[in-house]
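K.L.:
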């Protein structure tokens, strides 16, 4: 087993004062869906700010209330999607919902919006969440958020193209060397190419080379990015891929971005023509080359696995969903995971009842059964008639394709039953679920400003596009800069 790093740091968010003052004892009562907050309590109303679509939320909350008759759940702001800025406005107006989805834990903890969930979770005899998710939702000795929706990040592999080019299909234990060999063999000028894009390699290969790293070469224990040997090796590999024309987007964007020019200008027209010329020379089409079957690899999240049912350009090729390539023979790939989180706010007057709801949506198998049943039996017209308040924004189908953050065979089978686009390679990733690392978007402060903007821009502009610098040239200064920003942000929380 590879080491799962722990997110450390001291925290200063508010505690459960209101809950204790009201006589609540965290975790008191049963531990199942019909435990504390069941039919014998005082009637309470909770407000929920969830990113699930209203078509799911309304009947799901009704199912919850059937199990907890004394708890009514109202959708905050009519069920609209609420991000950090929206929540800040609600907090300023003293209208903060009781339970919220958290974009990034930094602002809510800094502003003391979230209570500590650890006393509740530790009292639950049925606690079932993978320990790595608990670690990633914690700051210091406090647990601020629970995982809800979990998605895999992996590589779509065009098996038909490999067969047509007499390339041996890789095993799920494939390595970076295997990946590079296939990239080269699949890049046939004017016909096909190795990959659509490769910027994702920088986020995931260092974690395959070094177990201390997570997403984007971030060490959850030290709370620092490490742009060392592993990162430099990865960026050098990316540069090699670009220079050898094994990838589309990093090469086509080096030509120029149409959005950077005035709409309809001669400069924009020239850039578009050059981009189209490159596509024709490289893969023989200006349309979506992946959907047309002319690309070997497409990195993507598991919420896109139904593209072959929804993309009209899809040509019917056989494909599978692979883990990221491992560092070498004998190593085992660690899955990258995109995770949504729920937290209970400090303004909640009924934290005990809110805990029952948050666990129902997070890791309670009965809650997941209810969720999947609603999705699989969804009927737009019937839902509109039963819930007229949300009739205007109902989708034709509910596509909530998330995994449950627990180790339970039934949970996996329930997930597969939702027509999620299941592929055999997913089983390999699920076998290593407890060793996965989560995206930094939700749990690392200033991630967008440091990694997504600064690191990505310097690598693409100065290394991949122009070659004016190497990874070794910029690594130390870049590491110092992003770590200084991140450290300052953490100090805002920890003091």
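Numbering (my numbering), first residue to last: 9 to 503.
No residue lacks a Cβ here, since even glycine has one placed at the ideal position from N, Cα and C.
Keep in mind it's a predicted model, so treat the numbers as computed, not measured.
Within the segment 63-109, note down every full alpha helix (DSSP H) run reaching 4 residues or more, in order along the chain.
P.N.:
List check, alpha helix (DSSP H) in window: 92-100.
K.L.:
May I have the straight-line CA-CA distance separating residue 71 from residue 407, to the nearest angstrom?
P.N.:
Whole-angstrom Cα-Cα distance: 19 Å.
K.L.:
Do you know whose CA, among 351, 315 and 442, lies nearest residue 325's CA?
P.N.:
Residue 315 is the option with its Cα nearest to residue 325.
K.L.:
For residue 207, which residues does DSSP report across the bridge?
P.N.:
BP columns for residue 207 are empty, so no partner.
K.L.:
Could you tell me which residues DSSP puts in a beta bridge with residue 308?
P.N.:
Partner(s): 162.
K.L.:
Is the beta carbon of residue 340 closer than 8 Å to that of residue 219?
P.N.:
No, the pair does not count as a contact, with Cβ atoms beyond the cut-off.
K.L.:
Among all the DSSP beta bridges, which residues are the ones paired with residue 344?
P.N.:
Paired residue(s): 161 and 445.
K.L.:
Taking DSSP as the reference, what is the three-state secondary structure of residue 155?
P.N.:
Strand, per DSSP.
K.L.:
What do you reckon, are the CB atoms on residue 303 and residue 200 nearer than 8 Å?
P.N.:
Closer than 8 Å, so yes.
K.L.:
Alpha carbon to alpha carbon, what distance is there between residue 480 and residue 521?
P.N.:
The question about residue 521 has no answer, for the chain in this structure spans 9 to 503.
K.L.:
Measure the alpha-carbon distance for residue 248 versus residue 188 and round it to whole angstroms.
P.N.:
Spanning the two alpha carbons is a distance of roughly 10 Å.
K.L.:
Tell me the DSSP bridge mates of residue 227?
P.N.:
232.
K.L.:
Give the straight-line distance between the Cα atoms of residue 322 and residue 118, rounded to the nearest whole angstrom.
P.N.:
Rounded to whole angstroms, residue 322 to residue 118 spans 46 Å at the Cα level.
K.L.:
From which residue to which residue does the alpha helix (DSSP H) around residue 257 run?
P.N.:
It spans 257-263 - the alpha helix (DSSP H) in which residue 257 sits, taken as one unbroken run.
K.L.:
Between the alpha carbons of residue 412 and residue 464, how many angstroms are there, rounded?
P.N.:
One C-alpha to the other measures close to 31 Å.
K.L.:
Suppose you measure from the CA of residue 1 to the CA of residue 492; what does that come to, to the nearest Å?
P.N.:
Outside the displayed range of the chain (9 to 503) lies residue 1, so it cannot be described from this structure.
K.L.:
Give the secondary structure of residue 298 by DSSP, where H, G and I count as helix, E and B as strand, and everything else as coil.
P.N.:
Three-state result, residue 298: coil.
K.L.:
Straight-line CA distance for residue 258 to residue 286?
P.N.:
Taking the straight line from one Cα to the other gives about 12 Å.
K.L.:
At what residues does the alpha helix (DSSP H) containing residue 438 begin and finish?
P.N.:
Run containing residue 438: 433-439, per the alpha helix (DSSP H) assignment.
K.L.:
Using the Cβ count rule (16 or more neighbours within 10 Å means buried), how would you classify residue 89?
P.N.:
It counts as exposed.
K.L.:
In chain order, what residues of the same chain lie with their CB nearer than 7 Å to the CB of residue 457, ignoring the 5 residues before and after it?
P.N.:
If we look at residue 457 and ignore the five residues flanking it on each side, its Cβ neighbours are 493.
K.L.:
Could you name the residues that DSSP lists as bridge partners for residue 350?
P.N.:
In DSSP, residue 350 forms a bridge with 109 and 154.
K.L.:
Would the segment 151-158 count as touching the segment 334-353 if we require 3 or more Cβ pairs under 8 Å?
P.N.:
Taking 8 Å as the limit for Cβ pairs, the verdict is that the segment 334-353 does touch the segment 151-158.
K.L.:
Consider the Cβ of residue 151: report whether some Cβ of chain B lies at a distance smaller than 8 Å.
P.N.:
No chain B is present in this structure, which holds just one protein chain.
K.L.:
How far does the beta strand (DSSP E) with residue 330 in it extend, from its first residue to its last?
P.N.:
Here the beta strand (DSSP E) through residue 330 covers 327-330.
K.L.:
Report back the beta-carbon spacing between residue 313 and residue 329 to the nearest angstrom; my notes put them in contact at under 8 Å.
P.N.:
6 Å between Cβ atoms; contact.
K.L.:
Quick test of the definition: if touching needs 3 or more C-beta pairs under 8 Å, does the segment 66-84 touch the segment 374-387?
P.N.:
In short, these stretches touch, since the Cβ pair count reaches three.
K.L.:
Identify whether residue 222 lies in helix, strand or coil by the three-state DSSP scheme.
P.N.:
Looking at residue 222 - three-state DSSP - the assignment turns out to be coil, as it is neither helix nor strand.
K.L.:
Buried or exposed: where does residue 204 fall if 16 or more other Cβ atoms within 10 Å of its Cβ makes it buried?
P.N.:
Residue 204 is buried by the Cβ-count criterion.
K.L.:
Of the residues 198, 384, 288 and 443, which one's Cα is nearest the Cα of residue 68?
P.N.:
Considering only alpha carbons, the answer is 384.
K.L.:
Out of 226, 99 and 163, which one is the CA nearest neighbour of residue 8?
P.N.:
The question about residue 8 has no answer, for the chain in this structure spans 9 to 503.
K.L.:
Under the rule that 16 or more other beta-carbon atoms within 10 Å means buried, what is residue 132, buried or exposed?
P.N.:
Under this definition residue 132 is a buried residue.
K.L.:
Using 8 Å for Cβ pairs, my map puts residue 467 next to residue 191. What's the rounded Cβ distance?
P.N.:
Their Cβ separation, rounded to whole angstroms, is 18 Å, which puts residue 467 and residue 191 out of contact at 8 Å.
K.L.:
With a threshold of 16 other CB atoms inside 10 Å of the CB of residue 499, please say whether the residue is buried or exposed.
P.N.:
So residue 499 ends up on the exposed side.
K.L.:
Bridge partners of residue 137, per DSSP?
P.N.:
Partner(s): 414.
K.L.:
For residue 176 and residue 169, what's the separation of their Cα atoms in angstroms?
P.N.:
When rounded, the distance between both Cα atoms is 11 Å.
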